[in-house]
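Chains as they are written, first to last, in the working numbering: chain Z, 1 to 241; chain B, 1001 to 1632. Just so you know, even glycine gets a beta-carbon here, dropped at the ideal spot from N, CA and C. Inspection log for the structure reproduced underneath, given as structure tokens.
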Amino acid sequence: MSDLDNINPPAISNEPGSLHPINQTKDYLLKLLADMGFKEVHGPEIETEEFNFDMLNIKKSHPARQMHDTFYAEGKKNVLRTHTSPVQIRSMLESKPPIAFTSAGKVYRKDDDATHLPMFHQVEGIYVDENVTFANLKHLIHQILHELFGDNVQIRFRPSYFPFTEPSAEVDILSESGKWLEILGCGVVNPVVLENCNIDSNKYSGLAFGLGVERIAMLKYGVNDIREFYKSNLDFLAQFK
Amino acid sequence: MKINYQDLINFLSQKPSKEDLSQKLFQLGHEHEINGDIFDMELTPNRGDCLSLIGLARDLVVFFGKSNSIDLFDDDIEPLEINFENLSPEDCPKISFLEIEIEDSKVEYKPYLENYFNTIGGNKANLFTDISNYISYELGQPTHCFDAESIKTKLTFENKECNSIFKTLLNSEVTLKDRNCVFSTNDEIISLAGVMGGASTACSNNTKKVLVECAYFNPESIIGKSVKYNLISDAAHKFERGVDISSQEMVLRRFVKVTQDHAKIKSIKLKSISEGHTQNFTIPIDVDKINKILGTSLDINEYLKHLKGLGFEISNEIKAPPYRHDIKTNNDLAEEIARVIGYNNIKSAPINLKKITNDSNNKVAKLESLLVNNGFAEVINFPFTSKKKKESINIDNPLDSNRNNFRTSLRDSLISNLLYNERRQKESIKLFEISDVYTKDIEIKQQKKLGLIVSGRVGNNHNDFLKKLDNKYLNNLLITNLNEDVFEITEIDRNSLDTKKKDKIYYIETFLEDIPKSFFLNLRANKKAINFVSYKPVSEYPSSTRDFSFLIDDLHRVHAVITLLDEVSDELIKDSFIFDFYKNDKTKIVKLGFRCIFQSNLNTLSDIEVNGKVKEILDPILKIEGVSIPGM
């Protein structure tokens, strides 16, 4: 055996690719919610107005239903879902309480500027049982946010308005720079929505929440420009191995 | 909506500081930014009642007590004989008209009106329009001022089919289409109701006799018109969110009072028309229900005290104020109580759910693992395209004509991703996307597709550097146990693309449901736990590449050289790797090819900067005995 035979070539390291950071974050949130007892359900991105709006107590006059906010398709027969809530509606129609569902995926709004995209991702959850209260909602949201941002994160609830929840809240966390950052929307499920899904609102109540996946990913990874996620730039994507 | 802090605290008995006021506004759910004395409010769409000074004050009284009331004209007012017909009472169930004639319209504004225009109101127009704008700020009820001399014939309100040009009081022309609520005289539209009045009947500085229209328009009759005709209008914003259905006459009495503050009035006449009976919502008193919604233990006295503080009438039931269109159920009342208590002061209570195990070894997860383990990067693309196929889902209101269809294939998106990265000097590109696509036949069909595209080098290491991503590579990657041809590999013709690169492009697209089960049999999903790395911004400056060929004739030094090259690192070095390794049996010399790619986040690197870094890398290596770079 010559000296040359003893010389090993440089080690070849496997050069792995990467899952998209938005899908990684979405999967992480789904796993977190599964650990808390939420079962994932699926539904279409192209929806009817009935499931996207009517069943969720979003009245015909609500601004979100306007052509400048929502994409309509096929001669107004369909909409591109503006949230993943219709998935929960479809699932509630097929189930009886107690239920705990989570739905995740692409949603669409008619926006396109530096801070808003026409397509983004949501993860939403709903829990319906007897005696579910706003206090339960607060506990769950604290659990989620402590998992995401650590036990010491400061959390603030603010009243807000969503037609499908009442009371409704938006939740902020305090950033390191001392600024409150909006992180999710939530509320007690509006009894009208339960009744629309054939659930007796005198017996059952529910809580619901929705997280913007891009928002969470931006905060967790420190990405400042939401558009970076959708440039398909390998220098960007390779950072999330 | 902008509110002056000094104006707002006039209506509150305690005079809170800006900080205290701000804190309570947030507690109530009224987001805002503060600039000096101006609170720039962002109100939720259900709280149209708060779109005014008095509206916000009503919400804050529960914390800070009530002080001043609005000063109204209290005397009797002569009835107005007006030739008016309401042909659409369902769109406008209440409307009042006020006619005022003054002696001289050239007046000096009182400090409160002057201050409004100096801080919030913007440009003045004329006395009556300015009073109208001020009152909308103060009371939240828009009014419209017609020059009374311009209305000589019957005035009609109706929701009618339109196809005519309407010249607004701002002198812009819009073509009214479809159904609109309008005021007309002599078949001429003189006002787009709830949005903007017309030029032909607008007031001017010479107007001495005004006809003020003050109405409740059904929000559903007004919504969308302002955006449709691109007429930015404070009135439309308020009517769309609902104004106080009971306030029209009070508002007009305030109009008289403010006019009286500024001009000598010759005559005042008023007419109020109400179509149908309006009734406030009532809800039974049930504090247990409220506690059941919130998870609190409020007693009834505390509950009712909070509601009274918010303007609710309490008798043997709870009656919501007429301006609170949003209150209809106990859940609405629970939110009111929670706002007063403070959401953050409600104690949380755990729920008891059992952990769920989702299927993490499904087809998608297996494919993702296979591809990521072999160096593919996943991309996500927007689904919009200009390409229309028979089965495409058409978007009725696209962002633009290039995005008016839902894609039925991932191919164009992935080609575009590949070309983007080639332009960024990427030499080995392996991308994939897994996405639902939608097609229509009798009904809309949803199917999951995999698309993957490759071009360039297989890899940067010395084994793969000279190999090209091709048909064979993809076949080896995706071969099944049964050796079936599962995937159809297509070469994409570069001639049709905007590129000068020569590397061949290969593409695969398939429905997941078309991949046979056998393909997945030996695959395992092995996703890593997420690592939230701290992202480093991607440089937009060009990179600079340098290749070095080391000759090592002292074989004992080879390992040392490789170790040093592996350790090369600097903030200006984007990537480095050994791309060639050759042992010459005859000469007993080892040859190493090393590539270093330099890039800065701050600027385009000069040769001097790159050469400086090169020297830092090479010096320690070239000091090793028996190591050289030919020609250097």
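Bridge partners of TYR127 (chain Z) according to DSSP: Z:ALA100, Z:LEU207. Closest in C-alpha terms to VAL1379 (chain B), from the list Z:ILE7, Z:SER13, Z:PRO10, Z:GLN24, comes Z:GLN24.
Inter-residue distance for PHE1594 (chain B) and SER1549 (chain B) is about 6 Å (C-alpha atoms, whole angstroms). For LEU1431 (chain B), the residues of chain Z that pass the 9 Å Cβ criterion are GLY17, SER232, LEU234, LEU237, in the order they occur in the chain.
Contact annotation for ASP35 (chain Z) against chain B: LYS1355 [CB-CB distance below 7 Å, chain order]. Sequence-distant Cβ neighbours of MET1196 (chain B) in its own chain, meaning closer than 6 Å and more than five residues away, are THR1168, LEU1231, SER1233.
Beta-bridge partners of THR1510 (chain B) (DSSP): B:LEU1450.
In terms of Cβ geometry, SER1226 (chain B) and ALA1236 (chain B) form a close pair [threshold 7 Å]. At a beta-carbon threshold of 7 Å, none of the residues of chain Z lie near GLY1055 (chain B); the nearest stands roughly 15 Å away. Taking a C-beta cut-off of 9 Å against chain Z, the contacting residues of the region 1262 to 1294 of chain B are ASN1291, LYS1292, ILE1293, LEU1294, listed in chain order. Under the three-state reduction of DSSP, THR1259 (chain B) is assigned to helix. Assignment of PHE1382 (chain B) by DSSP, reduced to helix, strand and coil, places it in the coil class. Here LEU1333 (chain B) carries a helix assignment [DSSP, helix/strand/coil]. Residue ranges of uninterrupted beta strand (DSSP E) with 3 or more members, entirely inside the region 1454 to 1506 of chain B and ordered along the chain, are 1489 to 1492. Cβ-Cβ distances below 8 Å link ILE1290 (chain B) to THR1296, LEU1298, TYR1303, ASN1330, LEU1333, ALA1334, ILE1337 in the same chain, with the five nearest sequence neighbours on each side left out; the list follows chain order. By the Cβ rule, the region 51 to 62 of chain Z does not count as touching the region 121 to 129 of chain Z, because fewer than three pairs are nearer than 8 Å. Nearest CB-CB separation between ASP1396 (chain B) and chain Z: below the 7 Å threshold.
At a cut-off of 7 Å, the C-beta of PHE1063 (chain B) has no neighbouring C-beta in chain Z. With a threshold of 7 Å between beta carbons, MET119 (chain Z) makes contact with chain B. The residue among B:ILE1395, B:PHE1084, B:LYS1430 with its C-alpha nearest the C-alpha of TYR1438 (chain B) is B:ILE1395.
Within the region 1202 to 1262 of chain B, the runs of alpha helix (DSSP H) that reach at least 4 residues and sit entirely inside it are, in chain order, 1219 to 1222, 1225 to 1228, 1234 to 1241, 1248 to 1262. Beta-carbon to beta-carbon, ILE1082 (chain B) and LYS1271 (chain B) are separated by about 5 Å, close enough to satisfy the 8 Å threshold.
One finds nothing in chain Z with a Cβ atom closer than 8 Å to the Cβ of ASN1180 (chain B); even the nearest lies about 15 Å away.
With distances taken between CA atoms, PHE51 (chain Z) lies nearest to Z:GLN88 out of Z:VAL213, Z:GLN88, Z:ASP112. Using a Cβ-Cβ cut-off of 7 Å, GLN1425 (chain B) does not count as an interface residue toward chain Z, since no Cβ of chain Z sits closer than that to its own. In this structure, the alpha-carbon of THR1499 (chain B) lies about 18 Å from that of ASP1470 (chain B).
Annotated three-state conformation of PRO167 (chain Z) is strand, per DSSP. Cβ-Cβ distances below 6 Å link ILE216 (chain Z) to THR25 in the same chain, with the five nearest sequence neighbours on each side left out; the list follows chain order. Contact annotation for VAL188 (chain Z) against chain B: ILE1293, LEU1294, ASN1331, ALA1334, GLU1335 [CB-CB distance below 9 Å, chain order]. Within chain Z, no C-beta atom comes nearer than 8 Å to that of THR1510 (chain B); the closest sits roughly 19 Å away. Taking the beta carbon of ASN1421 (chain B) as reference, the chain Z residues within 8 Å of it are SER232, ASN233, LEU234, listed in sequence order.
Here the alpha carbon of LYS203 (chain Z) sits roughly 23 Å from the alpha carbon of GLU1317 (chain B).
By the Cβ criterion, the region 1523 to 1533 of chain B is in contact with the region 1351 to 1364 of chain B, since at least three pairs of Cβ atoms, one from each stretch, lie closer than 8 Å. At a beta-carbon threshold of 7 Å, the residues of chain Z lying near ILE1346 (chain B) are PHE134, ALA135, LYS138, ordered along the chain.
The shortest C-alpha to C-alpha distance from SER1150 (chain B) to any of B:PHE1084, B:VAL1210, B:LYS1574 is the one to B:VAL1210. For SER168 (chain Z), the closest alpha carbon among the candidates Z:ILE12, Z:CYS197, Z:PHE209 is that of Z:PHE209.
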